[in-house]
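Asker: Per the numbering used here, the sequence shown runs over residues 31 to 313.
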Amino acid sequence: MMDTLLLPFQFPFMQNAFLIAVLVSVPTALLSCFLVMKGWALMGDAVSHAVLPGIVLAYILGIPLIIGAFAAGMTCALATGYLANNSRVKQDTVMGVVFSGMFGVGIVLYVSVETEAHLDHILFGNMLGVDTAELWTAGIISVGVGLMLALKWKDWLLHSFDPAQARASGLWVNGLHYGLLAALSLTIVATLSAAGLILAIGLLIAPGAIAFLLVRKFSTMLWVSVIICMGAMLLGTYLSFFLDSAPAPTIILILTAVFIVAFIRRQAVTRRNSMRRVEDAQA
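#1: Cα separation between I294 and N303?
#2: Report the option in V54, H189, V128 and R118 whose CA atom is closest to the CA atom of V103.
#3: Roughly how many angstroms separate the alpha carbons of I50 and G266, rounded to a whole number?
#4: Please classify I231: does DSSP put it in a helix, a strand, or coil?
#5: Are there 16 or more other CB atoms within 10 angstroms of the CB of N46, so buried, or fewer, so exposed?
#6: Within 10 Å of its beta-carbon, does Y112 have 16 or more other beta-carbons around it, so buried, or fewer, so exposed?
#7: Mapping DSSP to helix, strand and coil, what is A212?
#8: Compare the Cα-Cα distances from A107 to each of A230, P193, V291 and M132 and report the closest residue.
#9: To which residues of the same chain is A94 closer than 8 Å at the C-beta, ignoring the five residues directly before and after it?
#10: Buried or exposed: where does W186 fall if 16 or more other Cβ atoms within 10 Å of its Cβ makes it buried?
#11: Could you tell me how far apart the beta carbons of G226 and G155 are, in whole angstroms, since I believe they sit closer than 8 Å?
#12: Go ahead and label S270 buried or exposed: buried means 16 or more other beta carbons lie within 10 angstroms of its beta carbon, across all protein chains shown.
#13: Is the Cβ-Cβ distance between G74 and A230 less than 9 Å?
#14: DSSP on F271, reduced to helix/strand/coil?
#15: Could you compute how far the alpha carbon of A262 sits from the alpha carbon of I282?
#16: Roughly how many angstroms separate the alpha carbons of A180 and V52, rounded to a whole number?
#17: Would you identify the three-state DSSP class for F39, choosing helix, strand or coil?
#18: Can you tell me which of the three DSSP states D75 falls into?
Written as structure tokens, this is what we have:
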């Protein structure tokens with residue numbers, strides 16, 4: 031029985047999958063807290079889809095895919111910000127137009143390129159096939175983004191809630207804004223091998239949303255989201271071995287289930303507190 035339970039840990043491809051799950055979970059969880067608090071869920075969706083044309087173009091030009099992905103992600107983020115600030119159209123509408131347009135360009139390029147290489151893992155993830163170079167890329171990005179968010183979380187928190195107050199406090203608002211966009215683009219690049227473009231958005235929203243339902247303090251929200259994300263990624267990777275399913279969608283299903291449980295718990299707590307206030311008022 032014990033040998034069966036420990037079987038996934040005996041295969042090198044599963045060991046790499048567990049390792050990249052740990053590496054990716056930290057920056058995605060931390061970043062998800064800021065995206066949830068700032069209301070940037072659609073921005074994460076936009077950037078995750080917009081990196082596809084950059085990846086395909088990088089492959090055509092023979093340069094590292096990470097360069098094309100980061101360039102495309104930042105182009106999408108900057109274009110969205112410029113159009114939103116210089117037109118009457120709201121930001122969520124602009125994001126929808128920009129990311130769908132770039133994703134469409136990426137799909138056209140993707141199906142038109144004749145290659146022996148399989149780019150499907152860019153869309154759907156390939157946790158069971160990550161190599162040493164992808165582990166190093168994810169590790170370096172995760173450490174860099176994780177440290178940046180952990181050391182400057184108070185500045186980004188103030189910028190998320192009140193940019194005017196952040197500017198009045200002497201903070202470099204534009205630097206914080208574009209720094210968060212750069213961190214978002216880099217994190218999506220780090221998750222390409224783990225979750226792919228389509229499912230990366232789940233990792234960038236669900237952990238922060240779950241932590242938001244469970245705790246009230248933002249500093250607590252940060253480490254709770256990391257625990258939730260890392261636990262879901264490790265559990266999803268482990269279960270996928272026995273279920274014969276892909277790890278990425280299994281992880282997303284676990285995060286979705288945890289979110290539903292957290293939402294039900296929050297509703298029950300809110301209802302109980304309301305009833306207690308009514309009873310206290312009547313007394």
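Ideal Cβ positions, reconstructed from N, Cα and C, are used throughout, including at glycine.
Answerer: Straight from the coordinates:
#1: Sequence index remark: in the sequence shown, residue 294 carries index 264 (1-based). Sequence index remark: in the sequence shown, residue 303 carries index 273 (1-based). So the alpha carbons of these two residues sit roughly 14 Å apart.
#2: In the sequence shown, the residue the question calls residue 103 occupies position 73. In the sequence on display, residue 103 carries Gly and not Val. Residue V128 is the option with its Cα nearest to G103.
#3: Numbered from 1 along the sequence shown, position 20 holds the residue referred to as residue 50. Numbered from 1 along the sequence shown, position 236 holds the residue referred to as residue 266. Taking the straight line joining both Cα atoms gives about 13 Å.
#4: One-based indexing of the sequence shown puts residue 231 at position 201. Here I231 sits in helix by DSSP.
#5: By 1-based counting over the sequence shown, the position of residue 46 is 16. Counting Cβ neighbours within 10 Å, N46 comes out buried, since at least 16 surround it.
#6: The residue you call residue 112 lines up with position 82 of the sequence shown. Under this definition Y112 is an exposed residue.
#7: Start at 1 with the first residue of the sequence shown, and residue 212 comes out as number 182. It is helical.
#8: Within the sequence shown, residue 107 is the residue found at index 77, counting from 1. Looking at the Cα atoms, M132 is the closest of the given residues.
#9: By one-based count along the sequence shown, residue 94 stands at place 64. The displayed chain sequence assigns Pro, not Ala, to residue 94. Excluding residues within five positions, the ones whose Cβ falls inside 8 Å are A88.
#10: Stepping through the sequence shown from its first residue, residue 186 is reached at position 156. Its Cβ being crowded by 16 or more others within 10 Å, W186 is buried.
#11: Your numbering for residue 226 matches position 196 in the sequence shown. Your numbering for residue 155 matches position 125 in the sequence shown. 3 Å between Cβ atoms; contact.
#12: What you label residue 270 is simply residue 240 of the sequence shown in a count that begins at 1. By the neighbour-count rule (16 or more Cβ atoms within 10 Å), S270 is buried.
#13: Indexing the sequence shown from 1 puts residue 74 at position 44. Indexing the sequence shown from 1 puts residue 230 at position 200. Yes, these two residues count as a Cβ contact at 9 Å.
#14: As a first step, residue 271 is located in the sequence shown; it is residue number 241 there, counting from the start. The answer is helix: DSSP assigns F271 an H, G or I state.
#15: Residue numbering aside, residue 262 sits at position 232 when the sequence shown is read from its first letter. Residue numbering aside, residue 282 sits at position 252 when the sequence shown is read from its first letter. Rounded to the nearest angstrom, the two C-alpha atoms are 8 Å apart.
#16: As a working note, residue 180 is residue 150 in the sequence shown. As a working note, residue 52 is residue 22 in the sequence shown. So the alpha carbons of these two residues sit roughly 17 Å apart.
#17: Within the sequence shown, the letter at position 9 stands for residue 39. In this structure, F39 counts as helix in the three-state DSSP scheme.
#18: The residue you call residue 75 lines up with position 45 of the sequence shown. Helix.
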